[in-house]
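A.B. asks: Here you go, one structure.
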Amino acid sequence: MGEVLILVLRSRRFMIGAVLFLTVLAFGVIGPRIVHRDPFQMVGGLFDSPSEKAMLGTDNLGRDVFTQLMYGTGTSLLIGFVAGVVATCIGVTVGAVAGFKGGFVDELLMGITNILITIPSIVVLILLSIAIRSRSAMVMGVIIGITSWPWTARAVRAQTSSLKTREHVDLARISGYTAVELIIKEILPYMFSYIFMAFILQFSGGITNEATLSMLGLGPFQTVSLGVMLHWALLWEAVRTGAWWAFLPPVVFLTITSFSLMLINAGLDEVFNPRLRKS
Amino acid sequence: MTMLKSKFARYVLQKFGWYLVAFFIAVSLNFFLPRLIPGNPVRVLVSQLATGGVQSDALARIYDNYMREFGLDQPTHIQFFRYFRNLFRGDLGTSFMLYPGKVSDLIREALPWTVALQIPTILIGWLLGNILGAACAYKGGKFDAVAFTLALAVSNIPYYCLAIILLYGLAVHNPIFPVGGGYSFGNFPELSLSFFLDALHHYTLPFLSMIVVALGGQAIGMREMALYELTTDYVHYSKALGLSDKKVIRYVFRNAMLPQITGLAISFGTMMGGALVTESVFSYPGIGSLLFTAIRQADYPLIQGCTLIITVAVLLANFLVDIAYGYIDPRIRAAQLGER
Chain A
12 MGEVLILVLR SRRFMIGAVL FLTVLAFGVI GPRIVHRDPF QMVGGLFDSP SEKAMLGTDN
72 LGRDVFTQLM YGTGTSLLIG FVAGVVATCI GVTVGAVAGF KGGFVDELLM GITNILITIP
132 SIVVLILLSI AIRSRSAMVM GVIIGITSWP WTARAVRAQT SSLKTREHVD LARISGYTAV
192 ELIIKEILPY MFSYIFMAFI LQFSGGITNE ATLSMLGLGP FQTVSLGVML HWALLWEAVR
252 TGAWWAFLPP VVFLTITSFS LMLINAGLDE VFNPRLRKS
Chain B
612 MTMLKSKFAR YVLQKFGWYL VAFFIAVSLN FFLPRLIPGN PVRVLVSQLA TGGVQSDALA
672 RIYDNYMREF GLDQPTHIQF FRYFRNLFRG DLGTSFMLYP GKVSDLIREA LPWTVALQIP
732 TILIGWLLGN ILGAACAYKG GKFDAVAFTL ALAVSNIPYY CLAIILLYGL AVHNPIFPVG
792 GGYSFGNFPE LSLSFFLDAL HHYTLPFLSM IVVALGGQAI GMREMALYEL TTDYVHYSKA
852 LGLSDKKVIR YVFRNAMLPQ ITGLAISFGT MMGGALVTES VFSYPGIGSL LFTAIRQADY
912 PLIQGCTLII TVAVLLANFL VDIAYGYIDP RIRAAQLGER
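Line by line, the protein sequences are chains A and B. All residue numbers in the first sequence are consecutive under my numbering, ending with 290. All residue numbers in the second sequence are consecutive under my numbering, ending with 951.
Okay, here's the thing in structure tokens:
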């Protein structure tokens with residue numbers, strides 16, 4: 012474990028990614044707890060440019076962009092996190108059960124998974140979002156999570172069906188472990204790194220999916236997220252009128268967040284797959 | 612040879628079966644999910660008319676008329692059956708916001724723009740991305756470090772983020788390209804050189820913003836595949852034999868390319884969401900912009916029409932890629948038919 016930690020800390024990609032991500036996290040999660048400002052309070056007019064009063068100007072309704080950015084980052088991270096947790100939990104459960112049981116259960120679960128992979132998830136997301144009227148940030152996270160697990164399930168299944176033939180699993184089996192115990196104690200720990208990386212990808216995908224849905228006008232209600240900010244900026248033609256402060260901050264934050272998560276993932280990949288480490 | 616052919620036919624048939632099931636599920640979701648919306652959309656529509664000062668008995672007649680028009684006066688299972696029947700007739704219902712405009716007509720107008728934007732972007736992005744990925748793996752060193760990090764950076768930007776930056780930088784701040792639309796105001800879609808050039812001018816920014824991101828994603832996948840291939844015996848052997856670098860990299864490229872065909876199939880599905888928003892960023896007259904307006908106006912028949920056409924397009928593209936893959940790689944066929 013110590014060896015892995017040293018490798019992780021020595022990976023430049025991982026460190027840069029982690030520093031960037033922690034900065035965004037601190038800004039979006041700790042920031043609002045320090046400033047205690049209402050992101051919906053009007054402080055100026057339509058698209059006021061940045062000034063001493065409003066560091067990043069105001070949006071289409073005269074609200075402070077900096078405050079919106081802070082709260083919006085928090086919401087986007089929350090949605091991405093919830094989506095990541097939900098998708099990873101479903102994906103790991105389905106994948107592990109299918110891979111471990113094999114036979115009919117495997118074919119059934121993988122049949123469902125493969126069908127869900129071919130149906131574009133954005134379509135299901137749009138349909139679910141218009142069907143659910145009161146979309147809180149939590150609900151959105153769950154919706155995104157339940158539409159994006161199939162990839163994880165497929166990968167976990169492949170790993171499980173190869174891991175279950177190992178000797179230590181057989182040993183545990185003849186010592187009387189039940190199937191659930193075998194999966195939890197003898198199989199999942201061996202692909203922990205893998206599951207963690209899948210979670211990071213799902214987390215990043217969740218943030219992107221939130222932004223996509225929100226930009227189409229299906230964002231969370233009564234709260235601000237990076238996608239919601241972009242939706243209003245687009246609708247009120249901030250880009251074409253040159254009000255860069257209304258759209259550039261959320262664009263930059265979305266980009267930095269997903270880039271940092273990608274760097275963390277690539278760094279971990281190098282640590283866990285020595286093949287990719289090139290001197 | 613005939614045996615081979617029949618095996619391939621069986622493979623195609625089996626794939627077709629799976630896609631048919633996927634299609635049925637997708638269409639069912641498309642039918643049932645919007646029906647979960649609380650309240651009656653027609654009542655909302657009619658009450659919007661009421662603010663225009665229409666008489667109440669006239670409103671009741673309009674209400675009945677709409678209920679029949681949208682088929683909402685029937686029980687759900689009959690609606691479901693009708694929905695399928697109409698689908699195969701190419702009838703996707705009537706739009707709310709452009710009543711009595713047909714959804715299928717609106718989609719027919721928008722679809723060519725989306726196809727013209729998406730297909731070239733995905734194919735060219737895929738090809739260039741694979742070349743870049745292979746080059747990263749083979750060259751290594753500084754080139755790899757820079758190109759790979761760049762690919763990581765762009766591949767994870769949501770498409771529309773780059774679209775917004777390009778739109779602001781190259782159309783608003785430095786007005787080199789038009790600020791949106793598919794062609795200039797006052798110009799009409801026709802087969803002429805001037806229209807083509809005008810459309811191309813409008814095409815550049817949406818194309819660029821999508822291709823850079825697509826390219827990055829494919830490059831990452833290819834790099835990993837090629838790195839793996841480079842450690843295989845045949846590469847060591849070829850090198851020991853003294854084959855030229857060029858020849859070795861060609862072998863590596865061909866072998867690593869095969870699994871990347873799946874990457875192509877994935878692109879069709881995953882690029883969709885970002886591509887839809889990119890269209891609305893540029894007010895490009897495709898399905899994405901149509902969907903954007905439909906959602907804003909709560910035009911459910913039009914939303915359903917858009918999601919349906921997107922699903923069909925993605926399923927069709929995936930099916931074709933699957934068939935091509937099975938044709939190129941006999942191992943895939945065998946695995947699918949349960950022979951391995």
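A virtual CB, placed ideally from N, CA and C, is assigned to each residue, including glycine.
Just to confirm before moving on: does the CB-CB distance between A:V282 and A:L33 stay below 8 Å?
C.D. replies: For the purposes of this step, residue 282 of chain A is taken as residue 271 along the first sequence, with counting starting at 1. For the purposes of this step, residue 33 of chain A is taken as residue 22 along the first sequence, with counting starting at 1. Not closer than 8 Å, so no.
A.B. asks: Measure the alpha-carbon distance for A:E14 versus A:T189 and round it to whole angstroms.
C.D. replies: Numbered from 1 along the first sequence, position 3 holds the residue referred to as residue 14 of chain A. Numbered from 1 along the first sequence, position 178 holds the residue referred to as residue 189 of chain A. In a straight line, the C-alpha of A:E14 is about 33 Å away from that of A:T189.
A.B. asks: Pairs of beta-carbons, one from the segment 616–627 of chain B and one from the segment 237–249 of chain A, closer than 8 Å: are there three or more?
C.D. replies: Judged by Cβ distances under 8 Å, the segment 616–627 of chain B makes no contact with the segment 237–249 of chain A, as fewer than three pairs qualify.
A.B. asks: Consult DSSP for A:S290 and reduce its assignment to one of helix, strand or coil.
C.D. replies: The residue you call residue 290 of chain A lines up with position 279 of the first sequence. Any answer about A:S290 is weak, because its pLDDT of 43 lies below 50 and its placement is not dependable; what the coordinates show is given next. Of the three classes helix, strand and coil, the one that applies to A:S290 here is coil, per DSSP.
A.B. asks: When you check each C-beta in the segment 140–161 of chain A against every C-beta of chain B, which residues fall closer than 7 Å?
C.D. replies: I141, A142, R144
A.B. asks: For chain B, check one thing: does any of its Cβ atoms lie closer than 8 Å to the Cβ of A:T34?
C.D. replies: Against the first sequence, residue 34 of chain A aligns to sequence position 23. Between A:T34 and chain B, the shortest Cβ-Cβ separation is not below 8 Å.
A.B. asks: Give the DSSP-derived three-state secondary structure of B:R700 in the structure shown.
C.D. replies: Along the second sequence, one-based indexing puts residue 700 of chain B at 89. Here B:R700 sits in coil by DSSP.
A.B. asks: Starting from the C-beta of B:N929, find all residues in its chain whose C-beta is less than 8 Å away, skip the five residues before and the five after it, and write them out in chain order.
C.D. replies: By 1-based counting over the second sequence, the position of residue 929 of chain B is 318. Closer than 8 Å at the Cβ level, and outside the excluded window around B:N929, lie Y630, A876, F879, G880.
A.B. asks: According to a CB-to-CB cut-off of less than 7 Å, which residues of the segment 224–255 of chain A neighbour chain B?
C.D. replies: M226, L227, G228, L229, L245, V250, R251, G253, W255
A.B. asks: I want to verify the contact list: residues of chain A whose CB lies under 8 Å from the CB of B:V632, in sequence order.
C.D. replies: Position 21 of the second sequence, counting from 1, holds the residue named residue 632 of chain B. Contact of B:V632 with chain A by beta-carbon distance below 8 Å involves I126.
A.B. asks: Can you tell me whether A:F58 is buried or exposed? The criterion is at least 16 other CB atoms within 10 Å of its CB, across all chains shown.
C.D. replies: By 1-based counting over the first sequence, the position of residue 58 of chain A is 47. When all chains shown are included, A:F58 counts as buried.
A.B. asks: Starting from B:L808, follow the alpha helix (DSSP H) in both directions and report where the run begins and ends.
C.D. replies: In the second sequence, counting from the first residue as 1, residue 808 of chain B sits at position 197. Unbroken alpha helix (DSSP H) run through B:L808: 804–841.
A.B. asks: Is the separation between the beta-carbon of B:L728 and that of B:P800 shorter than 8 Å?
C.D. replies: Within the second sequence, numbered from 1, the residue matching residue 728 of chain B stands at position 117. Within the second sequence, numbered from 1, the residue matching residue 800 of chain B stands at position 189. In terms of Cβ geometry, B:L728 and B:P800 do not form a close pair [threshold 8 Å].
A.B. asks: Would the beta-carbon of A:N276 fall within 8 Å of that of A:M208?
C.D. replies: Mapped onto the first sequence, residue 276 of chain A falls at position 265. Mapped onto the first sequence, residue 208 of chain A falls at position 197. It is a contact, given that the beta carbons lie within the stated cut-off.
A.B. asks: Less than 8 Å separating the beta-carbons of B:D910 and B:S706?
C.D. replies: As a position in the second sequence, residue 910 of chain B is number 299, starting the count at 1. As a position in the second sequence, residue 706 of chain B is number 95, starting the count at 1. Yes; because the gap between Cβ atoms is below 8 Å, this pair is in contact.
A.B. asks: Can you confirm whether B:P649, when its beta carbon is compared against all beta carbons of chain A, has any partner nearer than 8 Å?
C.D. replies: Taking the second sequence and counting its residues from 1, the one referred to as residue 649 of chain B is at position 38. So, interface residue.
A.B. asks: Compare the Cα-Cα distances from B:T904 to each of B:P711, B:L670, B:N676, B:A721 and report the closest residue.
C.D. replies: Looking up residue 904 of chain B in the second sequence gives position 293. With distances taken between Cα atoms, B:T904 lies closest to B:A721.
A.B. asks: Just the Cα atoms here: how many angstroms apart are B:I920 and B:I943?
C.D. replies: The residue labelled residue 920 of chain B in the question sits at position 309 within the second sequence. The residue labelled residue 943 of chain B in the question sits at position 332 within the second sequence. Taking the CA atoms as reference points, B:I920 sits about 29 Å from B:I943.
A.B. asks: According to the neighbour-count rule (16 or more other Cβ atoms, all chains shown, within 10 Å of its Cβ), is A:L62 buried or exposed?
C.D. replies: The sequence position of residue 62 of chain A within the first sequence is 51, counting from 1. Reading the sequence as shown, one finds Ser at residue 62 of chain A and not Leu. Looking at its Cβ environment, which holds fewer than 16 other Cβ atoms inside 10 Å, A:S62 is exposed.
A.B. asks: Which residue's Cα is closest to the Cα of A:R168: A:D181, A:K112, A:R146, A:Q233?
C.D. replies: Start at 1 with the first residue of the first sequence, and residue 168 of chain A comes out as number 157. Comparing Cα-Cα distances from A:R168 to each of A:D181, A:K112, A:R146, A:Q233, the minimum goes to A:K112.
A.B. asks: Could you spell out where the alpha helix (DSSP H) holding A:N276 opens and where it closes?
C.D. replies: Translated into positions along the first sequence, residue 276 of chain A becomes position 265. Segment 255–283, the alpha helix (DSSP H) holding A:N276.
A.B. asks: For B:K713, which beta-bridge partners are listed by DSSP?
C.D. replies: Within the second sequence, numbered from 1, the residue matching residue 713 of chain B stands at position 102. Paired residue(s): B:T705.
A.B. asks: Which of the three DSSP states is assigned to A:T78 in this structure?
C.D. replies: If you number the first sequence from 1, residue 78 of chain A lands on position 67. Three-state DSSP puts A:T78 in a helix.
A.B. asks: Suppose only complete runs of 4+ residues qualify. What are the alpha helix (DSSP H) ranges in the segment 153–228 of chain A, listed by chain order?
C.D. replies: 161–174, 178–185, 203–226
A.B. asks: Would you tell me roughly how many angstroms separate the C-alpha atoms of B:K626 and B:Y938, rounded to the nearest one?
C.D. replies: Here the question's residue 626 of chain B lines up with position 15 in the second sequence. Here the question's residue 938 of chain B lines up with position 327 in the second sequence. So the alpha carbons of these two residues sit roughly 12 Å apart.
A.B. asks: Which two residues bound the contiguous alpha helix (DSSP H) that contains B:Y771?
C.D. replies: Locating residue 771 of chain B in the second sequence gives position 160, counting from the first residue. That run of the alpha helix (DSSP H) goes 770–778.
A.B. asks: For chain A, find out if any of its Cβ atoms is closer than 8 Å to the Cβ of B:L883; answer yes or no.
C.D. replies: Locating residue 883 of chain B in the second sequence gives position 272, counting from the first residue. For the record, residue 883 of chain B in the displayed sequence is Met; it is not Leu. Closer than 8 Å: yes.
A.B. asks: Spatial neighbours of A:G217 within its chain, please: C-beta separation below 8 Å, excluding the five flanking residues on both sides.
C.D. replies: What you label residue 217 of chain A is simply residue 206 of the first sequence in a count that begins at 1. Contacts found: I90, G91, F92, V93, A94, G95, A98, G152, I155, G156, S159.
A.B. asks: Do A:L199 and A:V180 count as a contact pair if the criterion is CB distance below 8 Å?
C.D. replies: Within the first sequence, residue 180 of chain A is the residue found at index 169, counting from 1. Within the first sequence, residue 199 of chain A is the residue found at index 188, counting from 1. Going by C-beta atoms, A:V180 is not nearer than 8 Å to A:L199.
A.B. asks: DSSP on A:T252, reduced to helix/strand/coil?
C.D. replies: Here residue 252 of chain A corresponds to residue number 241 of the first sequence, with the count starting at 1. Here A:T252 sits in coil by DSSP.
A.B. asks: Can you tell me whether A:T234 is helix, strand or coil according to DSSP?
C.D. replies: Reading the first sequence from its first residue, position 223 is the one you call residue 234 of chain A. It is coil, neither helix nor strand.
A.B. asks: Per the DSSP calculation, A:T69 is bridged to which residue(s)?
C.D. replies: Here residue 69 of chain A refers to the residue found at position 58 of the first sequence. DSSP lists A:D75 as partners of A:T69.
A.B. asks: Can you check whether the C-beta of B:T705 is within less than 8 Å of a C-beta belonging to chain A?
C.D. replies: Sequence index remark: in the second sequence, residue 705 of chain B carries index 94 (1-based). It does not: the Cβ of B:T705 has no partner Cβ on chain A nearer than 8 Å.
A.B. asks: To the nearest whole angstrom, what separates the beta carbons of A:F264 and A:T84, a pair I think is in contact under 8 Å?
C.D. replies: Within the first sequence, numbered from 1, the residue matching residue 264 of chain A stands at position 253. Within the first sequence, numbered from 1, the residue matching residue 84 of chain A stands at position 73. Going by Cβ atoms, the distance from A:F264 to A:T84 rounds to 6 Å, so yes, they are a contact pair.
A.B. asks: For B:A830, collect the residues of the same chain with a Cβ closer than 6 Å to its Cβ; drop the 5 residues on either side in sequence, then sort them by chain order.
C.D. replies: Locating residue 830 of chain B in the second sequence gives position 219, where the first residue counts as 1. If we look at B:A830 and ignore the five residues flanking it on each side, its Cβ neighbours are G740, L743, G744, A762.
A.B. asks: Kindly list the residues whose CB is nearer than 7 Å to the CB of B:L656, restricted to its own chain and excluding five residues on each side of it in sequence; keep chain order.
C.D. replies: Here residue 656 of chain B corresponds to residue number 45 of the second sequence, with the count starting at 1. Closer than 7 Å at the Cβ level, and outside the excluded window around B:L656, lie Y677, F707.
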